[in-house]
Amino acid sequence: MLDGRISDLAAGAAKRFGDMPAFQLLGEDAVLGFAEIDRRAARFAGGLAAAGVGRGDRVVLHLPNGWRWIVAYHAIARLGAVVVPANILLTPAEVGFLATDSVAAAVILPADRQAPIASALAGSTPRIVATGGADCDFARMLEGAPLAPVAVSPDDLFTIGYTSGTTGRPKGAMLTHRNVFASTALTATIHVRARGETVLTALPFPHVYGNVVMNAAFLAGMRILAMPRFDAGLALAAISAERPTVFEGVPTMFYQMLAHPDLAAADFSSLSRCTVGGQTMPTAKLDEVVARFGCPICELWGMTEVAGPAISHSPYWPARHGSIGLAFPGVETRVADLSDRGRDAAADEAGELCVRGPLVTRGYWRNDAATAEAIDGDGWLATGDIAVRDADGYLRIVDRRKDLIITGGYNIYPAELEQVIAAHPSVAMVAVAAVADAEKGELAKAFVVLRPDHAADAAALDRHCRAHLAPYKVPRLFAFVDDLPKTSTGKILRRALQPERMSQ
């Protein structure tokens with residue numbers, strides 16, 4: 466596991482699984498087998514090499530979910546080059562920053578984005594590889610001479626995964642072949658992935674969660690049934706018609722399916738488990754998924770800096786909803802005192818989650834100061850998440866450290882309030898954010914999306930909260946909204962709900 470290389474993954478899958486179904490985009494008839502994807506990746510790698518891209522060069526991969534993304538990804542790995550994933554929802558300026566900051570040798574993108582991204586490259590001149598259009602570079606490169614995988618070390622840089630940039634410019638976490646392969650192998654093992662299964666996912670492949678779903682499918686021999694973008698109605702129909710064994714997503718995807726009018730008619734009998742990550746999910750909603758879907762849902766925790774999941778439940782372990790589970794084998798965790806990171810927090814005391822082991826990034830690209838701030842001399846990565854460990858070693862995420870609300874000197878964790886409000890039968894989704902207050906400093910404000918055909922007002926939610934929370938924790942303000950702002954990966958974006966704090 467620790468000597469694995471992503472450059473060998475597609476070729477290994479082709480040898481083990483041949484023409485077994487590997488990938489299908491929902492709504493399209495074409496199904497590609499593992500051997501065909503490997504053949505295309507070998508030819509595309511040859512095309513990139515002929516265009517001057519070589520070992521160690523950075524390549525920005527800016528395509529939607531689809532076979533081209535997978536082929537380009539494995540071609541870059543084959544070359545010994547470095548993939549810089551860029552979500553298709555990023556703006557041209559954001560893609561331009563990634564390409565410029567990483568000193569990219571090439572950018573692979575859709576033809577309709579070529580002109581605006583080229584103008585945003587800030588003087589850098591990477592090779593542009595466009596898909597589609599009258600002059601399709603991607604198609605020409607697929608006609609290149611097949612290239613055998615370049616020999617790389619497990620410790621060679623393979624991915625620069627840029628963080629979402631919640632404070633300032635995004636930082637590029639440097640991930641090695643060892644990091645990414647270990648995350649892939651451990652995820653496949655803990656989640657018990659098996660040959661011949663089908664995973665339905667709308668997770669973006671550029672995101673570490675979506676990326677490890679894709680890689681684990683290649684390692685285990687599973688068919689990936691991918692959605693270009695998530696739609697609750699289409700997902701429910703696909704579960705009924707396509708009979709996937711696994712559904713993987715972020716909490717908002719489950720919220721939307723639970724609130725969809727087609728839920729009652731959906732057939733979930735093929736599902737053996739679901740996984741959810743990216744954000745804490747209220748236990749009431751997790752219990753509802755199990756009741757409605759009829760299968761376990763495994764909470765997991767991960768981040769860009771650890772190449773995907775690092776802590777998780779397994780479908781064959783007893784469910785502990787509200788916990789993120791146990792650390793993967795070989796991954797160490799500690800809960801550090803919030804005022805002194807060098808000291809461990811007491812048992813059952815909240816502190817900052819720190820991790821160490823083969824998944825942890827080697828640091829941030831060209832940013833030694835950020836690396837030193839995040840990773841100490843003993844290799845511990847400070848994650849920014851506040852956690853509690855119970856007597857059995859299970860970890861529970863309390864909240865993000867930066868989302869802590871301080872009201873009149875009291876600490877309020879938005880996730881705790883969201884857990885309570887989400888248990889109200891009329892609530893589909895909720896996010897709690899800080900708003901400025903002259904007297905208290907900050908107040909908690911709840912933004913609530915109601916279920917269709919349900920009614921609740923602020924007074925009803927206030928009574929519900931007061932029955933379950935200390936008075937100082939009860940939100941002072943409630944707002945009823947049609948939807949909540951989300952990141953490109955579907956996570957609820959609290960910072961968009963608190964402009965006063967973000968402007969400070």
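Numbering-wise (the numbering used here), the sequence shown opens with residue 466 and increments by one. Cβ atoms here follow ideal geometry from the backbone N, Cα and C, with glycine treated the same way.
Per DSSP, the bridge partner or partners of residue 902: 906
Distance, residue 616 Cα to residue 668 Cα: Looking at the two C-alpha atoms, the distance is approximately 30 Å.
Residue nearest to residue 670 in terms of C-alpha spacing, selected from 735, 773, 601: 773
Proximity winner among 853, 790, 613, 860, relative to residue 512 (alpha-carbon distances): 613
Unbroken beta strand (DSSP E) run spanning residue 1016, endpoints: Because the chain is modelled from 466 through 969, residue 1016 falls outside the range shown and cannot be assessed.
CA-to-CA distance, residue 603 to residue 530, given in whole angstroms: 16 Å
Straight-line gap, residue 945 to residue 831 (C-alpha atoms, nearest Å): 43 Å
Inter-residue Cα distance where the pair is residue 896 and residue 579: 36 Å
Nearest residue (CA-CA) to residue 664, options 739, 943, 582: 739
Local conformation of residue 559 per DSSP, three classes: helix
Opposing strand residues paired with residue 768 [DSSP bridges]: 773
Test item: CB-CB of residue 775 and residue 728 under 7 Å: Taking 7 Å as the Cβ cut-off, residue 775 and residue 728 do not qualify as a contacting pair.
Exposure of residue 567, with buried meaning 16 or more beta-carbon neighbours within 10 Å: Residue 567 is buried by the Cβ-count criterion.
Pick from 788, 763, 950, 933 that is closest to residue 655, judged by C-alpha positions: Ranking 788, 763, 950, 933 by Cα distance to residue 655 puts 763 first.
Nearest-angstrom Cα separation, counted from residue 662 out to residue 971: Nothing can be reported for residue 971: it is not among the residues displayed for the chain, which extend from 466 to 969.
Local Cβ density within 10 Å of residue 460, reported as buried at 16 or more and exposed below that: This structure leaves residue 460 out entirely; the chain is present only between 466 and 969.
Close Cβ partners of residue 843 (< 8 Å) along its chain, the five nearest in sequence each way excluded: Counting only Cβ-Cβ distances below 8 Å, and skipping sequence neighbours, we find 821.
Given residue 677 as reference, the closest of 696, 601, 642 once Cα atoms are compared: Residue 677 has its Cα closest to that of 642, out of 696, 601, 642.
Counted within 10 angstroms of its Cβ, other Cβ atoms place residue 554 as buried (16 or more) or exposed: exposed
Three-state secondary structure (DSSP) of residue 972: Nothing can be reported for residue 972, as the shown portion of the chain is limited to 466 through 969.
Proximal residues to residue 747 (C-beta, below 7 Å), its chain only, five neighbours per side dropped: 883, 884, 887, 888
Among 611, 704, 646, the one whose alpha carbon lies nearest that of residue 679: 646
Residue closest to residue 660, alpha-carbon to alpha-carbon, out of 597, 957, 478: 478
Proximity test, Cβ basis, 7 Å: residue 584 and chain B: Structure shown: chain B not included; a single protein chain is present.
Helix, strand or coil at residue 582 according to DSSP, with G and I counted as helix: If DSSP states are grouped into helix, strand and coil, residue 582 belongs with the helices.
Cβ-based neighbour list, residue 675, same chain, cut-off 6 Å, excluding 5 preceding and 5 following: 668, 669
Within 7 Å, strictly: CB atoms of residue 697 and residue 672: With contacts defined as CB atoms closer than 7 Å, residue 697 and residue 672 fail to qualify as a contacting pair.
Nearest-angstrom Cα separation, counted from residue 571 out to residue 925: 55 Å
Environment of residue 929 [buried if 16+ CB atoms lie within 10 Å]: buried
Collapsed DSSP secondary structure at residue 480 in the structure displayed: helix
Residue environment, residue 871, which counts as buried when at least 16 other CB atoms sit within 10 Å: exposed
Counterpart residues of residue 876 in DSSP-defined beta bridges: 871
Buried or exposed by the 16-neighbour rule on C-beta atoms within 10 Å, applied to residue 770: buried
Residue 948 burial status per 10 Å Cβ neighbour count (16 or more: buried): Label assigned to residue 948: exposed.
Same chain only: Cβ atoms within 8 Å of residue 514, ignoring 5 sequence neighbours per side: 544, 609, 612
Stretch pair the region 811-821 + the region 844-856: three plus CB contacts closer than 8 Å: With a cut-off of 8 Å on Cβ pairs, the region 811-821 is in contact with the region 844-856, counting three or more such pairs.
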